[in-house]
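**Q** Attaching a single structure in structure tokens format; questions to follow.
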Amino acid sequence: MTQLVLNIENPAILPSLKKVLGALDGVSIAKPSKKSRRKTELELAIEEARKGEVTRWESVDSLIEYINNIGK
Numbered sequence: 103m104t105q106l107v108l109n110i111e112n113p114a115i116l117p118s119l120k121k122v123l124g125a126l127d128g129v130s131i132a133k134p135s136k137k138s139r140r141k142t143e144l145e146l147a148i149e150e151a152r153k154g155e156v157t158r159w160e161s162v163d164s165l166i167e168y169i170n171n172i173g174k
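Written out as structure tokens, the structure reads:
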């Protein structure tokens, strides 16, 4: 099946255009696909927190010590 994508500047003509195209034999009008939006870092972090995927530190010093030792 061949598809044709149209960009319509004037939304007022959309109902008439759909009616005309729908009347043509062998032509169907597909619903626009929903584009999945990529989640932001904040949304991902909130999801992790809700799932309990968090690390707790005894103090800021222990966190800094851990960060300083990453990759050593």
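Converting from the sequence shown to our numbering requires adding 102 to each position, the first position being numbered 1.
We put the beta carbon where it would ideally sit given N, CA and C, even for glycine.
Treat the numbers as computed from the prediction; the structure is a model and nothing was measured.
1) In terms of residues, what are the limits of the alpha helix (DSSP H) holding leucine 152?
2) Can you look up valine 156 in the DSSP assignment and give me helix, strand or coil?
3) For a test of the three-state rule: what should DSSP assign to aspartate 163, helix, strand or coil?
4) With distance defined between alpha-carbon atoms, name the residue in Leu165, Ile169, Met103 and Val107 nearest to serine 135.
**A** This is what the structure holds:
1) Contrary to the premise, residue 152 reads as arginine rather than leucine in this sequence. If you look at arginine 152, you'll find it in the alpha helix (DSSP H) that goes 143 to 153.
2) Secondary structure at valine 156: coil, using DSSP grouped into helix, strand and coil.
3) helix
4) When only C-alpha atoms are compared, the closest one is Val107.
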